[in-house]
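Residue numbers (mature numbering (1 follows the signal peptide of the UniProt record, and there is no 0)): -27 to -1, 1 to 346.
Okay, here's the thing in structure tokens:
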């Protein structure tokens, strides 16, 4: 699911599940069904938002009349047009119960809004955020090292009873803040082996990050992995922690990251996403077509948006493998391929990728660590 990678002081963080929708009920909205044109506009809008372009995300929706949308899609359209229309203003400082937390969130939302409205100037707004956060911390001069700055902000938030994740989730700086966190141990079966992982489930969020803000909370990142444990965003899984969505798109996806970070620590963000998405497909049953549909519709050519770039590579390589092995697949979304054949192909493409990387490491005179070492 997408496009999120950050190097923070605590280690390498990989976000996933940005395409997950949070199911909600909206009183007073029509129960009619969104038209195909409306669904297409919603898809193009969310893709633009996830690539860091809020103005484009809103303009796509503006170009189609309201009567093409229904239910939660009307709510999404209304919010996006209000937040990112051409004459919109930066958001007001939010009130979340603690002045420091309110100030931090206000600075980030202002930065997100400006960067989403003017993507070409996002670096400028990032430097302004750096200056503003340094001032908030009482520093006379900007803290130039983002790792140091993030650590300082996180420490202040924790002292006030809030957990947080900061860093860089391309293409924007990240801030996630929550109040509750529960720990457990899980055993996750990957294509190559069973992997034990520590899991933290996060709830009671103040903010679920820029990708949620950019889509008016239509969806959010589902979790991430460090070199020590997995983190799961509880509200991203309304069907619960026993659902297939949680098992595949959080546990499977992030545990594959966890294993790959040990075996292939120099992988690029999109390469890590590529391998994790193949694992998702191998693990999926009821959600197989949903994942294929998302991977097929949410594609991109920019490596700085890792999830969308990885989606394109996954669909391309699966189709090439199936065709080379005599499996007829005329649809771009691969819906015409038998599920067992599709899952088997996902494993073979993943294993081939592993062999290529192990061979490249041997030629370079390095030896990748085996999972679990």
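The C-beta atom is built at its ideal place from N, Cα and C for all residues, glycine as well.
request  = Quick one: measure Cβ to Cβ for residue 159 and residue 172, integer angstroms, because I've assumed they're closer than 8 Å.
outcome  = Within the chain shown, residue 159 is the residue found at index 186, counting from 1. Within the chain shown, residue 172 is the residue found at index 199, counting from 1. The C-beta separation of residue 159 from residue 172 comes to about 5 Å, placing the pair in contact by the 8 Å criterion.
Delimiting residues of the alpha helix (DSSP H) encompassing residue 56 = Here residue 56 refers to the residue found at position 83 when the chain shown is read from its first residue. According to the DSSP assignment, residue 56 belongs to the alpha helix (DSSP H) that extends over 45 to 57.
inquiry  = If you measure between the beta carbons of residue 228 and residue 320, is that distance less than 8 Å?
reply    = In the chain shown, residue 228 corresponds to position 255, counting from 1. In the chain shown, residue 320 corresponds to position 347, counting from 1. The answer is no: Cβ separation not under 8 Å.
ask   = Can you name the start and end residues of the beta strand (DSSP E) that residue 140 belongs to?
value = Within the chain shown, the letter at position 167 stands for residue 140. For residue 140, the enclosing beta strand (DSSP E) stretches over residues 136 to 142.
query = In terms of residues, what are the limits of the beta strand (DSSP E) holding residue 153?
reply = As a working mapping, residue 153 is identified with position 180 in the chain shown. Element bounds for residue 153: 145 to 162.
key: Whole-angstrom distance between residue 49 and residue -2, CA atom to CA atom   = If you number the chain shown from 1, residue -2 lands on position 26. If you number the chain shown from 1, residue 49 lands on position 76. Low per-residue confidence applies at residue -2: pLDDT is 30, beneath 50, and the placement is therefore not dependable, though the value from the model is reported in the following sentence. Distance from the CA atom of residue -2 to the CA atom of residue 49, rounded to whole angstroms, is 11 Å.
task = For the stretch 72 to 87 and the stretch 106 to 115, state whether three or more C-beta atom pairs, one from each stretch, are separated by less than 8 Å.
result = Verdict: yes, contact present.
message = Threshold first: 3 residues or longer. Then list the beta strand (DSSP E) segments lying entirely within the stretch 204 to 291, N to C.
response = As far as the stretch 204 to 291 is concerned, it has no whole beta strand (DSSP E) run of at least 3 residues.
inquiry  = Check whether the stretch 184 to 201 and the stretch 229 to 240 are in contact - that is, three or more C-beta pairs closer than 8 Å.
reply    = Contact holds: three or more Cβ-Cβ distances are below 8 Å.
task = Taking all protein chains shown into account, decide if residue 329 is buried (16 or more other Cβ within 10 angstroms of its Cβ) or exposed.
result = What you label residue 329 is simply residue 356 of the chain shown in a count that begins at 1. Residue 329 is classed as exposed because its beta carbon has fewer than 16 other beta carbons within 10 Å across all chains shown.
ask   = Can the beta-carbon of residue 277 be found less than 8 Å from the beta-carbon of residue 72?
value = The residue given as residue 277 occupies position 304 in the chain shown. The residue given as residue 72 occupies position 99 in the chain shown. Remark: C-beta atoms of residue 277 and residue 72 do not approach each other more closely than 8 Å.
request  = Using alpha carbons as the reference points, say which of 186, 119, 157 lies closest to residue 150.
outcome  = Start at 1 with the first residue of the chain shown, and residue 150 comes out as number 177. Of 186, 119, 157, the residue nearest in Cα terms is 186.
message = Among 146, 140, 45, whose alpha-carbon lies nearest the alpha-carbon of residue 98?
response = Translated into positions along the chain shown, residue 98 becomes position 125. With respect to the C-alpha of residue 98, the residue from 146, 140, 45 having the closest C-alpha is 146.
query = Using CA coordinates, which residue listed in 18, 93, 114 is at the minimum distance from residue 191?
reply = Here the question's residue 191 lines up with position 218 in the chain shown. Of the candidates 18, 93, 114, the one whose C-alpha sits nearest the C-alpha of residue 191 is 18.
task = Give the DSSP-derived three-state secondary structure of residue 171 in the structure shown.
result = Here the question's residue 171 lines up with position 198 in the chain shown. Strand, per DSSP.
message = Assuming the contact rule is C-beta atoms closer than 8 Å, residue 89 and residue 36 should be a hit. Round their C-beta distance to whole Å, please.
response = Taking the chain shown and counting its residues from 1, one reaches residue 89 at position 116. Taking the chain shown and counting its residues from 1, one reaches residue 36 at position 63. Rounded to the nearest angstrom, the Cβ distance from residue 89 to residue 36 is 18 Å, too far for a contact under 8 Å.
ask   = Helix, strand or coil: which one does DSSP assign to residue 73?
value = By one-based count along the chain shown, residue 73 stands at place 100. Helix.
task = Below 8 Å on the Cβ atoms is my guess for residue 63 versus residue 87; work out the distance and round it to an integer in Å.
result = Position 90 of the chain shown, counted from the first residue, corresponds to residue 63. Position 114 of the chain shown, counted from the first residue, corresponds to residue 87. Indeed they touch by this definition, with Cβ atoms about 7 Å apart.
inquiry  = Spatial neighbours of residue 224 within its chain, please: C-beta separation below 6 Å, excluding the five flanking residues on both sides.
reply    = As a first step, residue 224 is located in the chain shown; it is residue number 251 there, counting from the start. Answer for residue 224: 161, listed in chain order.
Distance between residue 31 and residue 67 (C-alpha atoms, nearest Å) = Here residue 67 corresponds to residue number 94 of the chain shown, with the count starting at 1. Here residue 31 corresponds to residue number 58 of the chain shown, with the count starting at 1. Between residue 67 and residue 31, the C-alpha separation is close to 22 Å.
message = Tell me which residues share the same chain as residue 248 and place their Cβ nearer than 7 Å to its Cβ, disregarding the 5 neighbours each side in the sequence.
response = Here residue 248 is taken as the residue at index 275 of the chain shown, counted from 1. Same-chain partners within the cutoff: 229, 233, 323, 326.
message = Which same chain residues end up closer than 8 Å to residue 39 when comparing Cβ atoms and leaving out the 5 residues on each side of it in sequence?
response = Here residue 39 refers to the residue found at position 66 of the chain shown. So the qualifying residues of the chain are 47, 50.
ask   = How many Å lie between residue 221 and residue 256 at the Cα?
value = Taking the first residue of the chain shown as position 1, residue 221 is located at position 248. Taking the first residue of the chain shown as position 1, residue 256 is located at position 283. The C-alpha of residue 256 is placed about 6 Å away from the C-alpha of residue 221.
inquiry  = Which of the three DSSP states is assigned to residue 319 in this structure?
reply    = In the chain shown, counting from the first residue as 1, residue 319 sits at position 346. In the structure shown, residue 319 adopts helical secondary structure according to DSSP, grouped into three states.
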